[in-house]
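Top to bottom, those sequences are chains A and B. For the first sequence, UniProt numbering gives the first residue as 1, with consecutive numbering after it. For the second sequence, UniProt numbering gives the first residue as 1, with consecutive numbering after it. Since the structure comes first, as structure tokens, the remarks are kept for the end.
2 protein chains.
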Amino acid sequence: MRSSTVRCFIIFTLLLLLLQGHATTHKLLSSPFSTALETLQKQLGYTFKSTDLLRRAMTHASFSEENNKAFAILGATVIETSVSFHLLSKDVDISPKELNRRLSQITNVESSCAVDGTRLGLHKIVRVSPKTNSSAPAVVCGAFRAIFAAISIDSGMPDNAGNVFWNLHGGDLGSAVAL
Amino acid sequence: MRSSTVRCFIIFTLLLLLLQGHATTHKLLSSPFSTALETLQKQLGYTFKSTDLLRRAMTHASFSEENNKAFAILGATVIETSVSFHLLSKDVDISPKELNRRLSQITNVESSCAVDGTRLGLHKIVRVSPKTNSSAPAVVCGAFRAIFAAISIDSGMPDNAGNVFWNLHGGDLGSAVAL
């Protein structure tokens, strides 16, 4: 009888631990920030293996020392590579002047980068300090660029990130250029 | 008998055309410039489907209106993406300051880009006008960068070009950074 009591106790303890673990996971998944990251991945058409990278991308320097500043540097170059690659692939004879003109349009914080980021709702997702305005173009743009670094690292291929950018923005390139 | 004479004439003409074609191809392949491009591809570890892209990459603006200027723009962004991607993949916590420092080292014309190009012997390959010095850092650097645009377009993937750059330069990054 004694051994069955011990067995019963072990099973009960294990069940308790299992339930606790489940509750913790559930709690993590159900935070508003985590939910927003889930939705964002659907909008991007990219599912992260490591969502920590997307969490980092959505963290402004005012919120934490662990933030998206370095990611934004890689993200900016990924965008530039993607745009100049697609333009040159489409027209190998494009002039350097025209190529530079289109590149500067696409990398402009006010008219392009922050617009794309706001369209994705990043100003509602990015984590900032209470004193920082999450809708400021530099904040939204930094978060937007950082996404493409996160995808590059997560997938091991910057081209994947460039393709996500191109899908998000590519359709508008024609009209943007016509402005 | 007449029809066999005609048949004989047709066969003879076709053979002549075939031989002429072969001679032309052989002539094209055996030009010093073409030979240099063949050697360059071996050094790069990349074989072009369309060598015209590499010809363009090795053509300075002083030589032709069809030159490598636009290619050099894409090539520069490919290098930046490759470097920042590898540094961030290796150390996700790298500071933005350190990342920028290493990026500016790698993109420096005098100390990095032209050095890499000269090591590949590009100053002996790049086509320039008689009045232009093919060893000038800006000329060598432009040709070096343009290679990575040519590989991006030829393979359809900028990542391939980034990997070629990383293989060429990556081993030196540690020591270059230590300077």
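Note that CB positions come from ideal geometry on N, CA and C, so glycine has one too. Owing to the predicted nature of the structure, the values given are computational and were not obtained by experimental measurement.
8 Å Cβ cutoff met for residue i and residue j
i         : j         : result
Ala161(B) : Val140(B) : no
His123(A) : Ser111(A) : no
Phe63(B)  : Asp154(B) : no
Thr107(A) : Thr77(B)  : no
Ala136(B) : Gly75(B)  : no
Ala146(B) : Ile94(A)  : no
Val126(A) : His60(A)  : yes
Pro158(B) : Asp116(A) : no
Leu99(A)  : Ser84(A)  : yes
Val92(B)  : Ala138(B) : no
Ser68(A)  : Gly121(A) : According to the sequence provided, residue 68(A) is Asn. The question's Ser does not apply to it. It is not a contact, given that the beta carbons lie outside the stated cut-off.
Leu44(B)  : Arg55(B)  : no
CB contact check: residue i to chain B, cutoff 8 Å
i         : result
Ser112(A) : no
His26(A)  : With a pLDDT of 48 at His26(A), under the threshold of 50, the modelled position of that residue is not reliable, and the figure given next carries that caveat. False, the Cβ-Cβ gap to chain B never drops below 8 Å.
Phe33(A)  : no
Val109(A) : no
His123(A) : no
Thr118(A) : no
Leu44(A)  : no
Thr77(A)  : yes
Leu99(A)  : yes
Glu38(A)  : no
Ser30(A)  : no
For residue i, three-class secondary structure by DSSP
i         : result
Thr107(B) : helix
Thr118(B) : helix
Thr47(B)  : coil
Ala176(B) : Note that Ala176(B) scores a pLDDT of 46, beneath 50, so its modelled location is shaky; the value from the coordinates is reported in the next line. Three-state result, Ala176(B): helix.
Thr132(B) : coil
Thr25(A)  : At Thr25(A), the pLDDT of 49 sits below 50, so the modelled position is not reliable and the matter cannot be decided from this model.
Met1(A)   : Bear in mind that the predicted position of Met1(A) carries a pLDDT of just 48, short of 50, making it too unreliable to give a figure here.
Residue-chain proximity (residue i, chain A), Cβ-Cβ < 8 Å
i         : result
Gly162(B) : yes
Ile106(B) : no
Leu168(B) : no
Phe85(B)  : yes
Leu74(B)  : yes
Ala70(B)  : yes
Val92(B)  : yes
Ser89(B)  : yes
Val126(B) : no
Val177(B) : With a pLDDT of 41 at Val177(B), under the threshold of 50, the predicted position of this residue should be treated as unreliable, and no value is reported.
Check: residue i C-beta below 7 Å from any heavy atom of the ligand NAP
i        : result
Leu87(B) : This structure lacks the ligand NAP; in fact it carries no ligand of any kind.
For residue j and residue i, believed in contact at Cβ under 8 Å, the rounded distance
i         : j         : result
Ile73(B)  : Phe165(B) : Going by Cβ atoms, the distance from Ile73(B) to Phe165(B) rounds to 15 Å, so no, they are not a contact pair.
Arg102(B) : Leu87(B)  : 6 Å
Requested in this report: Quick one: which residues of the segment 128-158 of chain A get their C-beta closer than 7 Å to a C-beta of chain B? List them in chain order.
Outcome: Residues Ala149, Ser152, Ile153, Met157 and Pro158.
**Report entry** Residues of the segment 47-68 of chain B whose Cβ lies closer than 7 Å to any Cβ of chain A, in chain order
**Finding:** Residues passing the 7 Å Cβ filter: none.
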